[in-house]
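These notes concern the structure reproduced below.
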Amino acid sequence: MAKRAFSDATNAGLRVNHYGTTVNNPIGRAYFGLFNAVSFLIETRGIGAGRQNFERRVFSQEVAATSYITYAAEHADEIMKAVAAARADVVAKGKTYEESDVLALYQTKSGKTLTDYTAATVQYSVADGSEKVSKAYPLSLNDTLTRSRVRPTAYVIPADTANIEKILYIMDNQALSTTSSTPVPPQASSSTTMSATTW
């Protein structure tokens, strides 16, 4: 999808570059990726400087968004199958607690895992606008865990938690009720009645 968007942007007369690295899970722009969805960040350069290029910024966003939406429509079956398979994989893994099944919470790049994507750096002369320096380099993946945890198989939630009905509804009511006399996994709260909901 990204290659198609890059091609469409170039054909529209726009300059386009990869962001420079992969994103981390706890960053807002990556949240939808955690839902086993296809997630992309489209960013247009310029906050203060962008005021002088407003039409170009809007046009570039339109070209990029249209490209992704069109591609998704043309490959809907393929994308839906990939998303469904990823979600089924998460459900299967969540059924059994495994110490070796580690989720990345935050990653950095070592520089050792390179991708097929290339970033370009170009410097221009302020005097006459001519190109001074231009170099291309492969992008690195965030391949080093700095914060992680074992994949959870369930969460224990006190039954008197605010909006508990909504929480259980969102979790498709995948819950088991238990009492203080029922053995619960480690790190459980000591509330009298609880709902354990699987994620």
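Add 15 to the 1-based position in the sequence shown for the numbering used here, that's all there is to it. Ideal Cβ placement from N, Cα and C applies to all residues, glycine included.
Query	Result
How far does the alpha helix (DSSP H) with residue 81 in it extend, from its first residue to its last?	69 to 89
Where are the beta strand (DSSP E) runs, 3 residues long or more, that stay fully inside the region 121 to 176, in chain order?	129 to 139, 146 to 155, 159 to 165, 170 to 173
Which residues does DSSP pair with residue 54 in a beta bridge?	Beta-bridge pairing links residue 54 to no other residue.
Pull up the CB-CB distance for residue 128 and residue 155, whole angstroms please, since I reckon it's below 8 Å.	6 Å
Verify whether the separation of the beta carbon atoms of residue 183 and residue 190 is less than 7 Å.	yes
With 16 as the cutoff for other CB atoms within 10 Å, does residue 138 come out buried or exposed?	exposed
So which of 41, 50, 78, 51 has the shortest CA-CA distance to residue 58?	78
Within the same chain, show all residues whose beta-carbon is closer than 8 Å to that of residue 86, passing over the 5 residues directly before and after it, in chain order.	16, 19, 20
Using 8 Å as the cut-off, can you tell me whether the region 22 to 36 makes contact with the region 67 to 81, which would need three or more C-beta pairs spanning the two stretches below that distance?	yes
Are residue 133 and residue 151 close, meaning C-beta to C-beta below 7 Å?	yes
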